[in-house]
Amino acid sequence: MSNISIIGTGNMARTIGARAVAGGNTVEVMGRDQSKAADLAKALGGGATTGEWGTAPAGDIVIVALLYDGVVPVVAQYGEALAGKVIVDISNPFNSTFDGLVHREETSIAQEVAKVAPAGAGVVKAFNTVFRHVLEKGRPDVFFAGDDAQAKASVGAFIESLGLRPLDVGGLKMAHWLEGAGVVTVGLANHGVGNLDFALGITELPV
3 MSNISIIGTG
13 NMARTIGARA
23 VAGGNTVEVM
33 GRDQSKAADL
43 AKALGGGATT
53 GEWGTAPAGD
63 IVIVALLYDG
73 VVPVVAQYGE
83 ALAGKVIVDI
93 SNPFNSTFDG
103 LVHREETSIA
113 QEVAKVAPAG
123 AGVVKAFNTV
133 FRHVLEKGRP
143 DVFFAGDDAQ
153 AKASVGAFIE
163 SLGLRPLDVG
173 GLKMAHWLEG
183 AGVVTVGLAN
193 HGVGNLDFAL
203 GITELPV
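The sequence shown runs 3 to 209 under this note's numbering.
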């Protein structure tokens, strides 16, 4: 099992935290509003704790569960407190019409995080192609990307502890395309599928 710190107190923080606790992981919640963090930790149960905002997270894996525009500034703010940690970015930088990304070049939030993360930190993109309630109630495949093999192994093991299947899509540059896949899920929700009760996944042919 893994030691997890979650930066954020929103819906995805709650959902990932709940699955993490259920999977036997140790969970710490960190939020700007200490009372919200404490409330979430109490709601999660399972011995979940709270940490002080901006200090070194207790977890080996740090899940940044914030809106996309807050991720890079917060990682920069934490700075050396994240040295040696695995930083997981779950954000989707959708444009205002949800049919594209805010990037003006081929990058991703995870790649921008890697630019400001301290030496020795591994950055992984994960969970961004799954709608929150599907993550809460279903068993979706979870795609992830990163350059650090050890960091990816840790994240893969954590995803398995949630009862989900981790699928490695390659190096961190693939985070850009995972964010694009997030756009595809919204397009499917609005058009081909017509609802939010699905997730992208892999179907393998029988041997």
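We treat Cβ as the ideally placed atom computed from N, Cα and C, and that holds for glycine. Every value quoted in this text rests on a predicted model; they were computed, and no experiment measured them.
Extent of the continuous alpha helix (DSSP H) run through residue i
i	result
F160	151–163
A121	Unbroken run through A121: none, as it is neither H nor E.
V136	134–139
G72	70–80
Distance, residue j Cα to residue i Cα
i	j	result
M32	A201	28 Å
T28	L190	35 Å
A123	V66	13 Å
I204	G26	26 Å
A177	S156	17 Å
D170	R141	17 Å
Where residue i falls: helix, strand or coil (DSSP)
i	result
S93	coil
N13	helix
R167	strand
G203	coil
L103	strand
S37	helix
Host beta strand (DSSP E) of residue i (start-end)
i	result
G196	Note, G196: premise wrong, no beta strand (DSSP E); not H, not E.
K127	124–128
Sequence-distant residues of its chain with Cβ nearer than 7 Å to residue i (five each side left out)
i	result
V74	I111, E114, V115, V118
Other residues of its chain near residue i: CB distance less than 8 Å, five sequence neighbours each side excluded
i	result
A121	A85
Buried or exposed (CB count within 10 angstroms, at least 16 for buried), residue i
i	result
N197	exposed
T57	exposed
Chain-order list of residues whose beta-carbon lies under 6 Å from that of residue i (same chain, five-residue window excluded)
i	result
G184	N94, N130, T131
S98	none
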